[in-house]
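In what follows, a structure is listed as structure tokens, so that the remarks can point back to it.
In our numbering, the protein residues as written are 1081 to 1220.
Put into structure tokens, the structure is as follows:
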């Protein structure tokens, strides 16, 4: 499982447009949305202690599912069975006309320890999110 976060632009107040990509399980895709570094840092913090139960999930959710918004992006860590196996779900929607719109959704199995480490690295990166972030985690 690979996760990449690339700042496309950063506004004067810190608002960033980011390109987030997930690669694994023979699938790869990316989506773009806007957020503040604090949002990404909070996602990283939540990943550090994940999972706390078999119903636990942690989300980085940017944009909106509302059709009035241009983009929606979801990266969700979740437990997918009673044995505690984990995965990352990636969902991205870009709204437009028949030529410019797109939609993708898939999940990539990974290990809880990889998600914990990814959380630590995301938090460190979010302190100064100028350069692209890249993480490669283990999978089953």
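Backbone N, C-alpha and C define an ideal beta-carbon position, used for all residues, glycine too. Since we're looking at a predicted model, the values are computed, not measured.
Practice task
Please name the residue, chosen from 1085, 1180, 1193, that lies closest to residue 1217 on a Cα-to-Cα basis.
Solution key: Residue 1217 sits at position 137 when you count from the first residue of the chain shown. Measuring from the Cα of residue 1217, the nearest candidate turns out to be 1193.
Problem - Span of the beta strand (DSSP E) around residue 1117 - result: Within the chain shown, the letter at position 37 stands for residue 1117. Unbroken run through residue 1117 is the alpha helix (DSSP H), 1117 to 1128; no beta strand (DSSP E).
Handout entry: Residues that residue 1167 bridges to, as DSSP identifies them
Key = In the chain shown, the residue the question calls residue 1167 occupies position 87. Looking at the DSSP assignment, residue 1167 forms a beta bridge with 1158, 1189.
Exercise for the section: Would you grab the beta carbon distance between residue 1167 and residue 1188 for me? Rounded to a whole angstrom, and I think it's under 8 Å. Expected result: Start at 1 with the first residue of the chain shown, and residue 1167 comes out as number 87. Start at 1 with the first residue of the chain shown, and residue 1188 comes out as number 108. 6 Å between Cβ atoms; contact.
Problem - Residue environment, residue 1199, which counts as buried when at least 16 other CB atoms sit within 10 Å - result: Start at 1 with the first residue of the chain shown, and residue 1199 comes out as number 119. Buried, because 16 or more other Cβ atoms sit within 10 Å of the Cβ of residue 1199.
Problem - the region 1174 to 1184 / the region 1200 to 1219 touching (three or more Cβ pairs under 8 Å) - result: These segments do not touch.
Problem - residue 1085 burial status per 10 Å Cβ neighbour count (16 or more: buried) - result: If you number the chain shown from 1, residue 1085 lands on position 5. Looking at its Cβ environment, which holds 16 or more other Cβ atoms inside 10 Å, residue 1085 is buried.
Problem - Integer Cβ distance of residue 1195 from residue 1130, believed to fall under 8 Å - result: Translated into the one-based positions of the chain shown, residue 1195 becomes position 115. Translated into the one-based positions of the chain shown, residue 1130 becomes position 50. Contact holds; Cβ gap of about 5 Å.
Problem - Environment of residue 1152 [buried if 16+ CB atoms lie within 10 Å] - result: The residue given as residue 1152 occupies position 72 in the chain shown. Buried.
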